[in-house]
Amino acid sequence: MKTKTTVAAAGVAGAALVAAALAAPAVATASGPSWPGGSVPHANLRTGIQNNVLAPGLSQTSVAWGALPLTNPDAAAGVTHYGYVTTTGGPLTQDPHEAYKTEPDKNVYLSFGGRHFLYQGHEGGPRGYVTRIDLDEADPAKRVSLVADSDANGNPLPTFDGITWDPFSKQLLLTAEAKAPKGGVWGVSLEGTGAPTTGNAVALPGLGSGGYEGVQNDSDGNVWLVEDIGGAAASGGKKPNSYVHRFRPADKTDLTRGGTLQALQVKRSDGSPITAAQLAADPASRDIADLHKPGTSFATSWVDVHTGTDAFDATASAAAADATPFKRPENGVFRPGTGFGEFYFTETGDTSTASTLPGAHGGVFRLSQTSPSARNGRLAIVVAGDVKHSGLDNIAFATKDKLLVVEDAGDSLHQQRNALDSGFVVDLRRADRAGHHFTRWLAEGRDASALYDATTSPGYNDGDNEVTGIHVSDGDASVGGLLGAKVPAPFDGHWRVFWTQQHGDNTTWEVTATSAVRDSD
423 MKTKTTVAAA
433 GVAGAALVAA
443 ALAAPAVATA
453 SGPSWPGGSV
463 PHANLRTGIQ
473 NNVLAPGLSQ
483 TSVAWGALPL
493 TNPDAAAGVT
503 HYGYVTTTGG
513 PLTQDPHEAY
523 KTEPDKNVYL
533 SFGGRHFLYQ
543 GHEGGPRGYV
553 TRIDLDEADP
563 AKRVSLVADS
573 DANGNPLPTF
583 DGITWDPFSK
593 QLLLTAEAKA
603 PKGGVWGVSL
613 EGTGAPTTGN
623 AVALPGLGSG
633 GYEGVQNDSD
643 GNVWLVEDIG
653 GAAASGGKKP
663 NSYVHRFRPA
673 DKTDLTRGGT
683 LQALQVKRSD
693 GSPITAAQLA
703 ADPASRDIAD
713 LHKPGTSFAT
723 SWVDVHTGTD
733 AFDATASAAA
743 ADATPFKRPE
753 NGVFRPGTGF
763 GEFYFTETGD
773 TSTASTLPGA
783 HGGVFRLSQT
793 SPSARNGRLA
803 IVVAGDVKHS
813 GLDNIAFATK
823 DKLLVVEDAG
833 DSLHQQRNAL
843 DSGFVVDLRR
853 ADRAGHHFTR
863 WLAEGRDASA
873 LYDATTSPGY
883 NDGDNEVTGI
893 HVSDGDASVG
903 GLLGAKVPAP
913 FDGHWRVFWT
923 QQHGDNTTWE
933 VTATSAVRDS
943 D
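Under the working numbering, the first residue of the sequence shown is numbered 423, with each subsequent residue one higher.
Take a look at the structure:
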């Protein structure tokens, strides 16, 4: 089944014409937790312009796209559109001197005062900023506003990869994926109406500086941070160099007061830790192979790496504390119904068929603990990636047992396997030692702008489209609405599903059900 709005074939102009005619999309209802049982048999080939293909029972509607103007632009800084910074003076697309495409990344859906909003940070371009889509606004030209593009001193913000809503401190937390000292976490406070309190972002140095991407709160007010920094090249791939962190705040209502950053340490059967120094010396270590072998599990501990409010290098501090690095973990979420006792995170791997290293294609890991603040736990890989399921990035629970995982394989791997990215469902009731349990629900296409960028564009804009921003939420902004606190029921009239077709036209979609559907075995 093709998408409801064929933006891939239409390009920016076509997207505007189609979406301008659309009112707010209707949401199909269902009597219980639902996700269609159908699948898409194949990924789209990496050739020409391709439409997105969704599993039977699903459809999608564009809620924003790159060429939409901001209702309150920062014209002096060139922050003028949802997906473009226009400081180059170039046109918005398909020109050797086109504008910077800012790549809206992860999404956060929140409801304030009966209105419904979708927030996102922007990953690309010369500066970062935060936007808000008013999902109740029928006129696309009035739908997207600028939340923040500078700090309290007027300095430009870094580009952002991750975003989440922290109900304890009542702010959006945004992560900059860069090595110290440029990476880290920033906060943007929101009023009860969903509008920014000041229009500025505040740096939170006590959480450390590192290549943070995934960010998520637990019910104790801890902030979980998943880091993505590629290591040194080796055997066609890269050495493990990224950590899973947990920040324990001194005051969960005020993160500027600092706290303690911890990093996850994985132990061998004899109790000795798997360390960065060991894996750097031997990136083909059997330890890495064992970590990626379904049916195995490892004891874990959280090790303290820094306490205070001052800035520090989180990556180096984690290595010095003998924490265990991974092969580019990206994002993490808590499984609903576990009392925040199960944390699932993706690992992107090497995104190249040339890699001969173990764990080259990453996978999905589960960290199990007795409570979110527990010191010890166990780590196991749920599903290991392969060439056809690689570059795993954003992640969200559709139901208690069905986990949505999407790819960011990159142009090189797309070319190597002649396939664009996909979105998969992992059914945790079936994930076992037999290996892979990926069901494709989305075969991403390639819009005209992405095709142009992949073949002829300037180097500052990425090529093929990427699946990002997969998000399932009912919009509850209270502590009780933390992702993982409730069991999702998509398409029931309250829970909504979003994803962003990053790069190219930078279209953000809402996924809906074409008819009432129920969770299928």
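Here a beta-carbon is modelled for each residue, glycine too, at the ideal position from N, C-alpha and C.
Residues of its chain near residue i, where Cβ-Cβ distance is below 7 Å and the 5 sequence neighbours each way are ignored
i: LEU467; result: ASN840, ALA841
i: ARG565; result: ALA486, LEU490, ILE555, ASP556, GLU559
i: SER641; result: PHE762, PRO794, LEU904, ALA907
First and last residue of the uninterrupted alpha helix (DSSP H) at residue i
i: GLY576; result: Here GLY576 belongs to no alpha helix (DSSP H), and DSSP marks it neither H nor E.
i: ASP815; result: Segment 814-819 is the beta strand (DSSP E) holding ASP815; no alpha helix (DSSP H) there.
i: ILE651; result: That residue, ILE651, is in no alpha helix (DSSP H); it is neither H nor E in DSSP.
i: GLY832; result: 832-839
i: ILE710; result: 708-713
i: ASP875; result: 870-878
i: ALA782; result: Taken as a continuous stretch (DSSP letters only), ALA782 belongs to no alpha helix (DSSP H), as it is neither H nor E.
Cα-Cα separation, residue i to residue j
i: PRO495; j: GLY614; result: 23 Å
i: VAL889; j: ASP830; result: 6 Å
i: GLY511; j: GLU764; result: 48 Å
i: ALA654; j: LEU835; result: 19 Å
i: VAL755; j: VAL645; result: 11 Å
i: LYS689; j: ALA743; result: 14 Å
i: ASP735; j: VAL552; result: 25 Å
i: SER461; j: THR861; result: 6 Å
i: GLY643; j: ALA563; result: 37 Å
i: PHE787; j: ARG851; result: 15 Å
i: ILE803; j: SER456; result: 26 Å
i: PRO705; j: ASP583; result: 27 Å
i: VAL507; j: GLN684; result: 36 Å
i: LEU789; j: THR760; result: 12 Å
i: ASP561; j: THR775; result: 45 Å
i: ARG800; j: ALA721; result: 5 Å
i: THR678; j: LEU629; result: 9 Å
i: SER707; j: ASP726; result: 25 Å
i: ALA450; j: GLN923; result: A caution first: ALA450 carries a pLDDT of 33, below 50, which makes its placement in the model unreliable, though a value can still be read off. Roughly 22 Å between the two C-alpha positions.
i: HIS538; j: TYR531; result: 7 Å
i: ASP676; j: GLY717; result: 41 Å
i: ARG757; j: LEU825; result: 9 Å
i: ALA711; j: GLY784; result: 11 Å
i: TYR766; j: ALA820; result: 13 Å
i: PRO780; j: GLY807; result: 11 Å
Cβ-based burial, residue i [other Cβ within 10 Å; buried from 16]
i: PRO947; result: The question about residue 947 has no answer here: the residues shown for the chain are numbered 423 through 943.
i: SER691; result: exposed
i: GLY576; result: exposed
i: SER719; result: exposed
i: ALA911; result: buried
i: PRO751; result: buried
i: SER793; result: exposed
i: TRP931; result: buried
i: SER591; result: buried
i: ASP823; result: buried
i: HIS464; result: exposed
i: GLY693; result: exposed
Residue span of the beta strand (DSSP E) that contains residue i, given as start and end
i: VAL468; result: Before going on, a small fix: residue 468 reads as Arg here, not Val. From DSSP, ARG468 is part of no beta strand (DSSP E); its letter is neither H nor E.
i: SER844; result: 844-849
i: GLN638; result: 634-639
i: GLY730; result: 720-730
i: ARG862; result: 860-865
i: GLY761; result: Premise fails: GLY761 is in no beta strand (DSSP E) and is neither H nor E.
i: THR586; result: 584-588
i: TYR531; result: 526-534
i: ILE555; result: 552-556
i: LEU825; result: 824-829
i: THR930; result: 929-935
i: ALA598; result: 593-598
i: ALA802; result: 798-806
Contacts around residue i, its chain only, beta-carbon distance under 8 Å, and the 5 residues preceding and following it disregarded
i: GLY633; result: GLU599, ALA600, LYS601, GLY605, GLU649, ASP650, ILE651, SER664, THR737
i: PRO458; result: ALA477, PRO478, GLY479, LEU480, TRP863, ALA935, VAL939, SER942
i: ARG797; result: SER723, TRP724
i: GLY891; result: PRO526, ASP527, LYS528, ASN529, GLN542, ASN816, PHE920, TRP921, THR922, GLN924, THR930
Cβ-heavy atom distance, residue i to the ligand HEM, below 7 Å
i: SER631; result: Because no ligand of any kind appears in the structure shown, any question about the ligand HEM cannot be addressed here.
Residues near residue i in its chain [Cβ-Cβ closer than 6 Å; skip 5 each side]
i: ASP896; result: HIS916, TRP917
i: THR729; result: THR682
i: LEU596; result: GLY543, PHE582, ILE585, TRP608
i: HIS956; result: Given that the chain is displayed from residue 423 to residue 943, the structure contains no residue 956 and the question cannot be resolved.
i: GLY867; result: ALA430, ASN466, GLN472, ASN473, ASN474
i: PRO695; result: GLN687, LYS689, ASP744
### Message
Any contact between the stretch 809-825 and the stretch 757-774? By contact I mean 3 or more CB pairs, one from each, below 8 Å.
### Response
yes
### Query
If we count Cβ pairs, one from each stretch, closer than 8 Å, do we get three or more for the stretch 897-907 versus the stretch 862-877?
no
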